[in-house]
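Visitor:
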Amino acid sequence: MSQIFKQGLVCPLDKNNVDTDQIIPKQFLTSVSRDGFAEALFYDWRYLADGAANPEFVLNYPQYQGASILLTRANFGCGSSREHAPWALQQYGFNVIIAESFADIFFNNSVNNGMLLITLSKTNIELLFNRCAQGPQQWQIDLASQEILFGNNAAMGFNIDPDIKQRLLSGLDFIGSSEQLNPQIAAFEAQRRANLPWLG
Amino acid sequence: MGQTLYQKIYHSHVVGKLNASTDLLFVDRHLIHEVTSPQAFSGLKLAGRAVRRPDLTFATMDHNVSTQRRSLDAAGETSRKQLEALAANCDEHRIPLLDLTHPDQGIVHVIGPEQGLTQPGMIIVCGDSHTSTHGAFGALAFGIGTSEVEHVLATQTLPQQQAKTLKVEISGDLPEHVTPKDVILAVIGKLGTAGGNGYVAEFCGSAIRGMSMEGRMTLCNMSIEMGAKAGLIAPDDTTFAYLKGKAHAPQAEHWDAAVSYWQSLHSDADAVFDKTISLDASSISPQITWGTNPEQVIAVDEPIPAPASFSDDTKRQAAERALQYMGLSAGQKLTDCAVDVVFIGSCTNSRIEDLRAAASVVRDRKVAPGVRALVVPGSGVVKRQAEQEGLAEIFKQAGFEWREPGCSMCLGMNDDQVAAGQRCASTSNRNFEGRQGRGARTHLVSPAMAAAAAIAGKFVNVARLEGAAQ
Ligand code: SF4
Chain A
724 MSQIFKQGLV CPLDKNNVDT DQIIPKQFLT SVSRDGFAEA LFYDWRYLAD
774 GAANPEFVLN YPQYQGASIL LTRANFGCGS SREHAPWALQ QYGFNVIIAE
824 SFADIFFNNS VNNGMLLITL SKTNIELLFN RCAQGPQQWQ IDLASQEILF
874 GNNAAMGFNI DPDIKQRLLS GLDFIGSSEQ LNPQIAAFEA QRRANLPWLG
Chain B
-16 MGQTLYQKIY HSHVVGKLNA STDLLFVDRH LIHEVTSPQA FSGLKLAGRA
34 VRRPDLTFAT MDHNVSTQRR SLDAAGETSR KQLEALAANC DEHRIPLLDL
84 THPDQGIVHV IGPEQGLTQP GMIIVCGDSH TSTHGAFGAL AFGIGTSEVE
134 HVLATQTLPQ QQAKTLKVEI SGDLPEHVTP KDVILAVIGK LGTAGGNGYV
184 AEFCGSAIRG MSMEGRMTLC NMSIEMGAKA GLIAPDDTTF AYLKGKAHAP
234 QAEHWDAAVS YWQSLHSDAD AVFDKTISLD ASSISPQITW GTNPEQVIAV
284 DEPIPAPASF SDDTKRQAAE RALQYMGLSA GQKLTDCAVD VVFIGSCTNS
334 RIEDLRAAAS VVRDRKVAPG VRALVVPGSG VVKRQAEQEG LAEIFKQAGF
384 EWREPGCSMC LGMNDDQVAA GQRCASTSNR NFEGRQGRGA RTHLVSPAMA
434 AAAAIAGKFV NVARLEGAAQ
């Protein structure tokens, strides 16, 4: 049975090594709130020095307005650990990112916010960029069957860690599920105090 | 089969299993700072959760602080609010905080080791990617996001999956004027910025054994720049000597037991790594980045490579774009390029040894006309020591600005920024587009190389700077 996890318009960002300083520059990190980062997304690329939208940046193209799936290349999200990066992407509207690879911390941060990050081979990423070159794309993601559906029965499979898949499908509370191990945590603390008393 | 150091630390911290491949690990030390913690504290409050182990949590102010004046409002209104939020959260949850009134305040990755909070065998986390620095002590230390900060505050644990292991073997002796910064830049150049993705790297070999703790920290600090989850160095007598007597290190009655435990923390002789790379230290020259990611690096006397020389087309495109942003062209020599700004600081290179290396180049010389040069010590401890040793005086007399501790121009969250189009010789760790200011052009170098650039007014091989001090 097919079940659509997410669907939407795809925006292709044809770049490697997009770092979190690009996703959200530092001047937006002084906020103490979790909201209000959509405008800051890709700030230095998205806006010209005078604050006007940069017509040459793909996010500003008319055909990609309202996109919710981001297609990009290798090592996306490298650099700083700032969770403001996935917050900005999500608040802008992206809840699926497809790339050749992701930096570790960015990957975890995104998953912890319920975003789906799909890793594909270089060849498959190339095929997806080719599709986008033919015109705006609306794709559906079936997480249960691990497929990207292009319409007309065309699809591409993807791999995902089973634990992450389970978390995304069930929407489990990140902290809550660890708290179920509270007795084990207490036991670990007691043992640690006995064996390595200087650690406190 | 034996275990690697990483595997030993990982296994000794498993509290329980969460899922088929996910373990819950206990966290020995949680370091926090103003930028990545406020949303975690609000999350706790919203869910009605307490901080489980405030005694294992430690806070500092660093990213946002002004390095001109030690005052909360010196870096602007929104920064002040964020610093005040940290102080209020630490107060409410009884978390120790080195605030701006504390003489030891500084960059989180400088003060952790200085205070003895960083110890071998620990799992250390912080909402900051350069937490990898602490791996220099044989601790498993890595950066986390704000949701994870909240998770650690609430449970003192973190869900983890086992990473792959990478062995980085550095043999031989470092040539004169070649520093740990040059070693790590050379390793990143070889492996690439994503080469370590999914791995924990362990640095070993004779060159590592000969390094001071400061040098090892510089090395581990930048292991994140090759994509590694963490960098590790097995603890040895150098490590123990550094820790002895530090405020939070094991005290007299526990010291011997702690050391004998620490001595067990090394990869077994028959441990198998998933990947190994080796480098001969004696083949490394002073390094400098020419592009906009740390793998775009060359020896300072080499010409900038032509994009066409990269067989991988993604690397070729990245090189083309980087040259455009940096205002450079293939074949050009960086030793022909003038610098506008010199920044000596950051959690990579702001420790006493870094300042000594820079000062030995600067001594009895002057900063070239038109160059803005600043030294930002990593902590109050470093600053005091540098003043006592006369290093501050050497810098000031040469025309350097001598600042208060903080992250400063490493990321320019305060007013220490590089202007668009300006070229900066920086001892920090990231040369990303716009990192030091919109349009800023960053070249990563060692402290000695940065100092030499300040004096020459252009990039220069420190080994060739006329009459360079030893
Ligand atoms: S000095 Fe730079 S890299 Fe280090 S913690 Fe501060 S901002 Fe991050």
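Taken in sequence, the protein lines are chains A and B. At position 50 of the first sequence (counting the first as 1) the number is 773 in the numbering used here, and the numbers step up by one without a gap. At position 253 of the second sequence (counting the first as 1) the number is 236 in the numbering used here, and the numbers step up by one without a gap. Backbone N, C-alpha and C define an ideal beta-carbon position, used for all residues, glycine too. On a predicted model such as this, the values are computed, not experimentally measured, just so you know.
1) Assuming B:I327 contacts B:D165 (C-beta within less than 8 Å), just tell me the rounded distance between them.
2) Below 8 Å, how does it come out for the stretch 146 to 157 of chain B and the stretch 902 to 916 of chain A: are there three or more Cβ pairs, yes or no?
3) So is B:T84 buried or exposed if we call it buried at 16+ other beta carbons inside 10 Å?
4) Apart from the five residues on each side of it in sequence, which residues of its chain come closer than 7 Å, Cβ to Cβ, to A:S735?
5) Beta-carbon within less than 8 Å of B:G128's beta-carbon, same chain only, minus the 5 sequence neighbours each way: which residues are those?
6) Applying a beta-carbon distance threshold of less than 8 Å, which residues of chain A neighbour B:A3?
7) In chain B, which residues lie less than 8 Å from A:V755 when you measure between Cβ atoms?
8) Can you pull the chain B residues whose beta carbon is under 9 Å from the beta carbon of A:L904, in chain order?
9) Could one say the Cβ of B:A235 lies closer than 7 Å to chain A's Cβ atoms, at least one of them?
10) Run down chain B in chain order and give the residues with a C-beta less than 9 Å from the C-beta of A:D767.
11) Which complete alpha helix (DSSP H) runs does the stretch 348 to 390 of chain B hold, if anything under 4 residues is left out?
12) Between A:L752 and chain B, is there a C-beta pair that is closer than 7 Å?
13) Taking only heavy atoms of the ligand SF4 into account, decide whether any of them is closer than 6 Å to the Cβ of B:H113.
14) Taking only beta carbons into account, state which residues of the stretch 795 to 814 of chain A come closer than 7 Å to chain B, listed in chain order.
15) With distances taken Cα to Cα, identify the nearest neighbour of B:E97 among B:A190, B:V365, B:W273.
16) Hey, which unbroken runs of the beta strand (DSSP E) at 3 residues or more fall wholly within the stretch 736 to 813 of chain A?
17) Tell me whether A:A910 is buried or exposed, calling it buried when 16 or more other Cβ atoms sit within 10 Å of its Cβ.
18) Along chain B, which residues have their Cβ under 7 Å away from the Cβ of A:K749?
19) Does any heavy atom of the ligand SF4 sit closer than 6 Å to the C-beta of B:C320?
20) May I ask you to check if the CB of B:L168 is nearer than 6 Å to at least one heavy atom of the ligand SF4?
21) Does any residue of chain A have a CB that is nearer than 7 Å to the CB of B:H134?
22) Verify whether the separation of the beta carbon atoms of B:N204 and B:H117 is less than 7 Å.
23) Is any heavy atom in the ligand SF4 found nearer than 6 Å to the beta carbon of B:S329?
24) Within 10 Å of its beta-carbon, does A:I864 have 16 or more other beta-carbons around it, so buried, or fewer, so exposed?
25) From B:L(-12) to B:D251, what does the alpha carbon distance come to, in whole angstroms?
26) Enumerated in chain order, which unbroken segments of the alpha helix (DSSP H) with a length of 4 residues or greater are wholly contained in the stretch 827 to 856 of chain A?
27) Taking 6 Å as the cut-off, does the CB of B:C393 come closer than this to any heavy atom belonging to the ligand SF4?
28) Is any heavy atom in the ligand SF4 found nearer than 6 Å to the beta carbon of B:I171?
29) Starting from B:F125, follow its DSSP beta bridges and name the residues at the other end.
30) Which residue from A:L840, A:S833, A:N835 puts its Cα closest to that of A:S824?
31) What is the DSSP secondary structure of A:N882, reduced to helix, strand or coil?
32) Could you check if A:I746 belongs to the surroundings of the ligand SF4, using beta carbon to heavy atom distance under 6 Å?
33) Step through the CB atoms of chain A and report whether any lies within less than 7 Å of the CB of B:D38.
34) Between B:G89, B:L14, B:Q405, which lies nearest to B:C320 when the distance is taken from Cα to Cα?
35) Can you look up B:H76 in the DSSP assignment and give me helix, strand or coil?
36) Nearest chain B C-beta to A:Q730 closer than 7 Å, yes or no?
Guide: Walking through what the data contain:
1) To locate residue 327 of chain B, count along the second sequence from 1; it is residue 344. To locate residue 165 of chain B, count along the second sequence from 1; it is residue 182. 15 Å between Cβ atoms; not a contact.
2) no
3) Within the second sequence, residue 84 of chain B is the residue found at index 101, counting from 1. It is exposed - the Cβ of B:T84 has fewer than 16 other Cβ atoms within 10 Å.
4) Indexing the first sequence from 1 puts residue 735 of chain A at position 12. Correcting the residue identity first, residue 735 of chain A is Pro in this sequence and not Ser. Within the same chain, A:P735 has close Cβ partners V781, L794, F852, C855.
5) Counted from its first residue, the second sequence places residue 128 of chain B at position 145. T19, G110.
6) The residue given as residue 3 of chain B occupies position 20 in the second sequence. Under the 8 Å cutoff, chain A gives P885, D886.
7) For the purposes of this step, residue 755 of chain A is identified with residue 32 of the first sequence, where counting begins at 1. Per Cβ cutoff of 8 Å: P21, Q22, S25, K64, Q65, A68.
8) Within the first sequence, residue 904 of chain A is the residue found at index 181, counting from 1. The answer, in chain order, is V(-2), G(-1), K0, L1, L7, T138, T140.
9) One-based indexing of the second sequence puts residue 235 of chain B at position 252. Not closer than 7 Å to any Cβ of chain A, the Cβ of B:A235 fails to qualify, so no.
10) By 1-based counting over the first sequence, the position of residue 767 of chain A is 44. Going along chain B in sequence order, the residues near A:D767 (Cβ under 9 Å) are E416, G417, R421, G422.
11) 363 to 371, 374 to 381
12) The residue given as residue 752 of chain A occupies position 29 in the first sequence. True, the Cβ-Cβ gap to chain B drops below 7 Å.
13) Taking the second sequence and counting its residues from 1, one reaches residue 113 of chain B at position 130. Checking every heavy atom of the ligand SF4 against the Cβ of B:H113, one is found closer than 6 Å.
14) R796, A797, N798, C801, G802, S803, S804, R805, E806
15) As a working note, residue 97 of chain B is residue 114 in the second sequence. Nearest of B:A190, B:V365, B:W273 to B:E97, Cα basis: B:V365.
16) 792 to 794
17) Here residue 910 of chain A refers to the residue found at position 187 of the first sequence. Exposed is the call here.
18) To locate residue 749 of chain A, count along the first sequence from 1; it is residue 26. Residues of chain B passing the Cβ test: L394, G395, M396.
19) Counting from 1 along the second sequence, the entry for residue 320 of chain B is found at position 337. No, the ligand SF4 has no heavy atom inside 6 Å of this Cβ.
20) Here residue 168 of chain B refers to the residue found at position 185 of the second sequence. Flag unset: Cβ of B:L168 not near the ligand SF4.
21) Taking the first residue of the second sequence as 1, we reach residue 134 of chain B at position 151. So, interface residue.
22) Along the second sequence, one-based indexing puts residue 204 of chain B at 221. Along the second sequence, one-based indexing puts residue 117 of chain B at 134. Not closer than 7 Å, so no.
23) The count along the second sequence starts at 1 and reaches residue 329 of chain B at position 346. B:S329: yes, Cβ under 6 Å from the ligand SF4.
24) Sequence index remark: in the first sequence, residue 864 of chain A carries index 141 (1-based). With 16 or more other Cβ atoms within 10 Å, it is buried.
25) Residue numbering aside, residue -12 of chain B sits at position 5 when the second sequence is read from its first letter. Residue numbering aside, residue 251 of chain B sits at position 268 when the second sequence is read from its first letter. If I take the Cα positions, the gap works out to 8 Å.
26) 827 to 835, 845 to 856
27) Numbered from 1 along the second sequence, position 410 holds the residue referred to as residue 393 of chain B. Yes; taking the cut-off as 6 Å, the Cβ of B:C393 has a heavy atom of the ligand SF4 nearer than that.
28) Start at 1 with the first residue of the second sequence, and residue 171 of chain B comes out as number 188. Every heavy atom of the ligand SF4 is 6 Å or more from the Cβ of B:I171, so no.
29) In the second sequence, residue 125 of chain B corresponds to position 142, counting from 1. Beta-bridge pairing links B:F125 to B:V108.
30) Position 101 of the first sequence, counted from the start, is the residue given in the question as residue 824 of chain A. Closest option to A:S824, Cα to Cα, is A:L840.
31) Sequence index remark: in the first sequence, residue 882 of chain A carries index 159 (1-based). Note: A:N882 maps to strand in three-state DSSP.
32) If you number the first sequence from 1, residue 746 of chain A lands on position 23. Checking every heavy atom of the ligand SF4 against the Cβ of A:I746, none is found closer than 6 Å.
33) Counting from 1 along the second sequence, the entry for residue 38 of chain B is found at position 55. Yes, B:D38 lies at the interface with chain A (some Cβ there is under 7 Å from its Cβ).
34) Stepping through the second sequence from its first residue, residue 320 of chain B is reached at position 337. Among B:G89, B:L14, B:Q405, the Cα nearest to that of B:C320 is on B:Q405.
35) The residue you call residue 76 of chain B lines up with position 93 of the second sequence. Three-state result, B:H76: helix.
36) Your numbering for residue 730 of chain A matches position 7 in the first sequence. With 7 Å as the cut-off, A:Q730 does not count as an interface residue toward chain B.
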